[in-house]
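All you need for the numbering used here is the position in the sequence shown, starting with 1, plus 10.
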Amino acid sequence: MKRIALSTLPLLAANVARPTYDVGALGIGIVHLGLGAFHRAHQAVYTDDAIASGGGQWGICGVSLKSSTARDQLAAQDSLYSVREVTGGADRWRVIGAIRESLFAGDQLSSIIARIAQAETHIVSLTVTEKGYCADINKREPLWTHPDIAHDLERVDQPISALGVLVAGLYERFRKRGAPMTILCCDNLPDNGGVLQALVHSFAARVHPQMLPWLLDNVAFPSSMVDRIVPATKNHDVSDSEAALGLRDEGVVRAEPFSQWVIEDKFLTPRPDWHRVGVQFVSDVAPFEAMKLRLLNGAHSLLAYSGALEGIDTIAETVARPAFRAAALGLMRESATSLDPVEGVDIERYQAQLLERFANPALGHRTWQVATDGSQKLPQRLVAPTNIRLARGQDSPFAAYAIAAWIVYLSERNFRGVTHTVADARAPHFSGLRELLRDDLQAFAAAVLDDEQVFAAVGKTPSFREEVLRNVALIDGDGTEVAAQEFDSPRF
Numbered sequence: 011m012k013r014i015a016l017s018t019l020p021l022l023a024a025n026v027a028r029p030t031y032d033v034g035a036l037g038i039g040i041v042h043l044g045l046g047a048f049h050r051a052h053q054a055v056y057t058d059d060a061i062a063s064g065g066g067q068w069g070i071c072g073v074s075l076k077s078s079t080a081r082d083q084l085a086a087q088d089s090l091y092s093v094r095e096v097t098g099g100a101d102r103w104r105v106i107g108a109i110r111e112s113l114f115a116g117d118q119l120s121s122i123i124a125r126i127a128q129a130e131t132h133i134v135s136l137t138v139t140e141k142g143y144c145a146d147i148n149k150r151e152p153l154w155t156h157p158d159i160a161h162d163l164e165r166v167d168q169p170i171s172a173l174g175v176l177v178a179g180l181y182e183r184f185r186k187r188g189a190p191m192t193i194l195c196c197d198n199l200p201d202n203g204g205v206l207q208a209l210v211h212s213f214a215a216r217v218h219p220q221m222l223p224w225l226l227d228n229v230a231f232p233s234s235m236v237d238r239i240v241p242a243t244k245n246h247d248v249s250d251s252e253a254a255l256g257l258r259d260e261g262v263v264r265a266e267p268f269s270q271w272v273i274e275d276k277f278l279t280p281r282p283d284w285h286r287v288g289v290q291f292v293s294d295v296a297p298f299e300a301m302k303l304r305l306l307n308g309a310h311s312l313l314a315y316s317g318a319l320e321g322i323d324t325i326a327e328t329v330a331r332p333a334f335r336a337a338a339l340g341l342m343r344e345s346a347t348s349l350d351p352v353e354g355v356d357i358e359r360y361q362a363q364l365l366e367r368f369a370n371p372a373l374g375h376r377t378w379q380v381a382t383d384g385s386q387k388l389p390q391r392l393v394a395p396t397n398i399r400l401a402r403g404q405d406s407p408f409a410a411y412a413i414a415a416w417i418v419y420l421s422e423r424n425f426r427g428v429t430h431t432v433a434d435a436r437a438p439h440f441s442g443l444r445e446l447l448r449d450d451l452q453a454f455a456a457a458v459l460d461d462e463q464v465f466a467a468v469g470k471t472p473s474f475r476e477e478v479l480r481n482v483a484l485i486d487g488d489g490t491e492v493a494a495q496e497f498d499s500p501r502f
């Protein structure tokens, strides 16, 4: 069957939504680092809508940093692809035209740097995941000994990290006396704009210190909060595209119906008419960021580790079990007490909506996918609200359970005999601990809690530490479902 492309768009099935603007004539105004499924199902969709609504040369140059797969999939299709919105009923398909160029840093680095530097580019956005910044997020400093960062310090003109590529592009723009620019971080980090600004300034100070005054005056770093559940694409999504579209789409992505984007109104450049298509521009994103990280992402992590340790394949199957659903809701209610009020949001209703979203069986969101990179995710999702509650003299039993489940998951032990491999940016460190401590799970858990990069001082707080270790023993002996059922006991 023919692939989707500009030349085959007229063959698209009549019931499939498609761009209402001239895709072939669209100029590029945005460079996006991280051409993964999330960007294609979120920022690119909003931009597609904004172009259709308000026009403008806001095509996206999508950049894949570590793998050529996305570039290869999309470049062969004139960067067209479809979004499959899975509802549990009849799925909705639409074709997105906003991405106009797909590049891979491994063999097109000079083109990427040139795109960032060109006058028509006003925005560089990023979705590279927490670990993609190669940074100590708490200290807002690059990890100078990280292999990618160390490489980029030596080979400034041939960077391989997101930070190195971004700074290289900014330096070329500075060298050409270019116009101001907005850098828009869209990853799950608190104050993500402020964090990225600190990282860029720190890295630039090492490699191009003469650029710092220009950065301060000409580059804005607004924060943002993004929300949409985007599971990994399944093999059958590609084959299903043939029936749904009448064309084959190798770049299809799947997503839930819900989508939200909140952006700090702090731009130095023009921007697409995102405000016309549902994006909220606010003076302070922090309350929205904290709400999403601690409630949605925190509960997501709890469900992921709980389910994975029981051999459950998906988040929907996990939340369907009453003990896990109750634990997820308990964690959300616990963490909600750490939040400042969020304008226009009913927190109880928000929590109920989250449980409904998690329960969507059509998403097929795998527990192992959500369970990746816990060392990068838990500080924002679980440790931050726990720290606030501890300072108030409040315990956090649901967070203690979730962290214990993560630690048992890290140990690669499973009372059901289900095998798994930990995918984490710091996997070698945890593997070394496992090897050193062998079969002493309590000693392993204690060593993980001592890790200040994840827990800061929280892991050494006696009452919380004791609760985590108690849950570790319970999960190791009886599993996560039995441990979660304990929340129904008179103790709670």
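For glycine and all other residues, C-beta sits at the position ideal for the given N, C-alpha and C.
Using a 10 angstroms sphere on the CB of ASN25, the tally of other CB atoms stays under 16, which defines it as exposed.
The three-state secondary structure of VAL329, taken from DSSP, is helix. Only residues of its own chain outside the window of five on either side were considered, and among them LEU319, GLU320, PHE425, ARG426 have a CB closer than 8 Å to the CB of GLY489, listed in chain order. In this structure, TYR315 keeps its C-beta atom at 8 Å or more from the C-beta atom of LEU209.
A contact is defined here as three or more CB-CB pairs under 8 Å, and the segment 294-302 meets this definition with respect to the segment 344-363.
Contact between the segment 47-58 and the segment 99-117 is present: three or more C-beta pairs spanning the two stretches fall below 8 Å. In the DSSP assignment, TRP271 falls within the unbroken beta strand (DSSP E) covering 270-274. Every alpha helix (DSSP H) stretch that sits fully inside the segment 363-430 and reaches 4 residues is listed by chain position as 377-380, 384-388, 394-401, 407-421.
With a threshold of 16 other beta carbon atoms within 10 Å, MET11 falls short and is exposed. Under the criterion of beta carbons closer than 8 Å, GLY179 and ALA127 qualify as touching, at roughly 6 Å.
Under DSSP, ASP146 shares a beta bridge with GLU151. In this structure, the straight-line span from the alpha carbon of ASP498 to that of LEU484 is close to 15 Å. Taking C-beta atoms as the reference points, ASP259 and SER251 count as a pair closer than 8 Å. Excluding residues up to 5 positions away in sequence, SER316, ALA333, PHE334, ALA336, ALA337, TYR411 lie with their Cβ nearer than 8 Å to the Cβ of ALA494 in the same chain. Of VAL262, TYR91, LYS387, VAL458, the smallest CA-CA separation from ASN148 is found for LYS387.
Within the segment 208-295, the alpha helix (DSSP H) runs of at least 4 residues that lie entirely inside it are, in chain order, 222-228, 245-255. Here SER293 has GLU274, ASP275 as same chain residues with Cβ atoms under 8 Å from its own Cβ, once five neighbours each way along the sequence are excluded. Between the alpha carbons of ALA80 and ARG475 lies a distance of about 43 Å. A check of alpha carbon separations from VAL96 across ARG367, ILE38, LEU459 identifies ARG367 as the nearest.
In this structure, MET191 sits away from LEU113, with a CB-CB distance that is not shorter than 8 Å. In the DSSP annotation of this structure, LEU16 is not part of any alpha helix (DSSP H), being labelled neither H nor E. Two segments are said to touch when three or more pairs of C-beta atoms, one from each, lie closer than 8 Å; by this definition the segment 212-222 touches the segment 164-178.
Each of ASP82, THR137, THR382, TRP103 was checked against the Cα of VAL41, and the nearest Cα belongs to THR137. Within 10 angstroms of the beta-carbon of VAL482 lie 16 or more other beta-carbons, which makes it buried. In terms of Cβ geometry, ARG264 and ASP237 do not form a close pair [threshold 8 Å]. Within a 10 Å sphere around the beta-carbon of GLN404 sit fewer than 16 other beta-carbons, which makes this residue exposed. Listed in chain order, the beta strand (DSSP E) runs fully inside the segment 116-144 are 133-136, counting runs of at least 3 residues. Put simply, of ARG13, ILE133, VAL166, SER234 the residue whose alpha carbon is nearest the alpha carbon of LEU199 is SER234. The Cβ atoms of GLY374 and THR324 lie closer than 8 Å to each other. Counting only the Cα atoms, GLU182 lies some 43 Å from VAL355.
In terms of Cβ geometry, THR382 and ASP434 form a close pair [threshold 8 Å].
Burial of ARG281 is indicated by the presence of at least 16 other C-beta atoms within 10 angstroms of its C-beta.
The criterion of a C-beta distance shorter than 8 Å is satisfied by LEU173 and PRO152.
Shown here for THR18: same chain residues with a beta carbon closer than 8 Å to its own, the five before and five after excluded, namely LYS12, LEU257 in chain order.
A Cβ-Cβ distance of about 11 Å is found for the pair ILE14 and GLN83, leaving them out of contact under the 8 Å criterion. Taking 8 Å as the cut-off, the beta carbon of ILE70 is found no closer than this to the beta carbon of TYR31.
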